[in-house]
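Worksheet: the structure to be examined is printed underneath.
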Amino acid sequence: METVTENQKVRTVKKLEKMFGHIDFKNPPELCPVRDVMSVASDQWSTLIVLWLGYFPVLRFNKLKKYVYGISNKVLSQRLKVLEADGYIERKAYPEVPIRVEYSLTDFGQSYVEKLLDLAEWMHDNSPKVLANREKYGLL
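See the structure below:
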């Protein structure tokens, strides 16, 4: 009889086989979903932007900059453009002086937040273990 952990390992192996099992390593595909799609939305800044937009339904640029602590105007602007182009967020500009621009998640972005939350919860729960390992290796 298999244990729960063994069942999880079997499911994980099956998912990885589905993802990578068909790849011909002599002629790799041009598009890699992990590298070409996920990398855009999963860098440190984009992840925080998407999570904050999941928490607040609508945010303006300066509020986002305040919440995504440490990000520069340039990087925030670049990340917002890429996230909008990929369909995670939408930008709404109002014809006012000065112009008012608001950012919000699309339905696609909201579905991504749901997946990110699982990962973020896992990271939160396991951060003491990671920090202890870093200390053990002298990285803190």
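Heads up, the sequence shown is in the UniProt record's numbering, so the first residue is 1 and it goes up one at a time. Every residue, glycine too, gets a C-beta built ideally from N, C-alpha and C.
Output the boundary residues of the beta strand (DSSP E) element that contains residue i.
{"i": "residue 89", "result": "89-94"}
Just to check my reading of the structure: residue i and residue j have Cβ atoms closer than 8 Å, yes? What is that Cβ distance to the nearest angstrom?
{"i": "residue 41", "j": "residue 83", "result": "7 Å"}
{"i": "residue 76", "j": "residue 68", "result": "7 Å"}
{"i": "residue 89", "j": "residue 70", "result": "About 20 Å; that fails the 8 Å criterion."}
{"i": "residue 140", "j": "residue 131", "result": "7 Å"}
What does DSSP give as the partner residues of residue i in its beta bridges?
{"i": "residue 145", "result": "One cannot answer for residue 145 here, as it falls past the ends of the chain, which runs 1 to 140."}
Along the chain, where does the alpha helix (DSSP H) that runs through residue i open and close?
{"i": "residue 18", "result": "4-20"}
Helix, strand or coil for residue i? Go by DSSP, reduced to three states.
{"i": "residue 73", "result": "helix"}
{"i": "residue 145", "result": "The structure shown does not extend to residue 145, since the chain is modelled only from 1 through 140, so no value can be given for it."}
{"i": "residue 30", "result": "coil"}
{"i": "residue 68", "result": "coil"}
{"i": "residue 83", "result": "helix"}
{"i": "residue 43", "result": "coil"}
{"i": "residue 138", "result": "coil"}
{"i": "residue 97", "result": "coil"}
How about the stretch 38-52 and the stretch 18-29: do they share at least three Cβ pairs that are nearer than 8 Å?
no
Inter-stretch contact (C-beta, 8 Å, three-pair minimum) for the stretch 50-64 and the stretch 93-108
yes
May I ask you to verify whether the stretch 54-69 touches the stretch 89-104, counting CB pairs closer than 8 Å and requiring at least 3?
yes
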